[in-house]
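In the UniProt record's numbering, the protein residues as written are 1 to 186.
Report on the structure given below.
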């Protein structure tokens, strides 16, 4: 109850909202109990590459325990967006990833960023959901370099990402044009 409210009276809207936020955070924190396997890494250095991220995951004891990694880039600035998605094979592997990387700061390049690890959204859990989300995305367009695309792995070995099921348009920037010019195609 609110201050001055009678015992047993309903909580104030602010108090209910705060309690709801706490419950939502507890649900996000208990993702392994719900079978979640996809995590979002935050505060990844903007000039980190996918290869650096894969190496980091392996060095942190996760080699062969993940099957999908995507490190989004801004195609206009050609810089990373500072976060990544990683799908682990089991909820236990995902918890291990959270434990190993939460608070991580020993990046392969100079950076003061401290890694935070949380659960990816409910609509982006599991290998299939991640593949479905990106296979028809502009990030899979032929003008985008392989290093900027999501990667699928089996037992730690990169395998071909499933082909798009419909026409994929280039990203909204001049990036595709620059890439084609660099390859002598435009």
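Cβ atoms here follow ideal geometry from the backbone N, Cα and C, with glycine treated the same way.
What do you get for residue 80, buried or exposed, if any count of 16 or more other CB atoms within 10 angstroms of its CB means buried?
-> buried
Euclidean distance between Cα positions of residue 72 and residue 167 | For residue 72 and residue 167, the distance between alpha carbons rounds to 21 Å.
According to DSSP, is residue 63 helix, strand or coil?
-> coil
Tell me, which residues are paired with residue 152 by DSSP?
-> 68 and 159
Grouping DSSP H, G and I as helix and E and B as strand, with all else coil, what is residue 38?
-> strand
Continuous alpha helix (DSSP H) stretch holding residue 92: start and end | Going by DSSP, residue 92 is part of the alpha helix (DSSP H) stretching over 91-101.
Bridge partners - residue 75, DSSP secondary structure assignment | Its beta-bridge partners do not exist; DSSP assigns none.
Is it right to say residue 106 is buried, meaning 16 or more other beta carbons lie within 10 angstroms of its own, or is it exposed?
-> So residue 106 ends up on the exposed side.
Which value, in whole angstroms, describes the spacing of the CA atoms of residue 165 and residue 60?
-> 35 Å
Sufficient close CB pairs (3 or more, under 8 Å) joining the segment 139-150 to the segment 91-110 | no
Does DSSP classify residue 81 as helix, strand or coil?
-> Correct three-state label for residue 81: coil.
Beta-carbon proximity check, residue 150 vs residue 69, cutoff 8 Å | yes
Would you decide whether residue 169 is buried or exposed? Buried here means 16 or more other CB atoms lie within 10 Å of its CB.
-> Exposed, since its Cβ has fewer than 16 Cβ neighbours within 10 Å.
First through last residue of the beta strand (DSSP E) which encompasses residue 188 = Outside the modelled stretch of the chain, which goes from 1 to 186, sits residue 188, for which no answer is possible.
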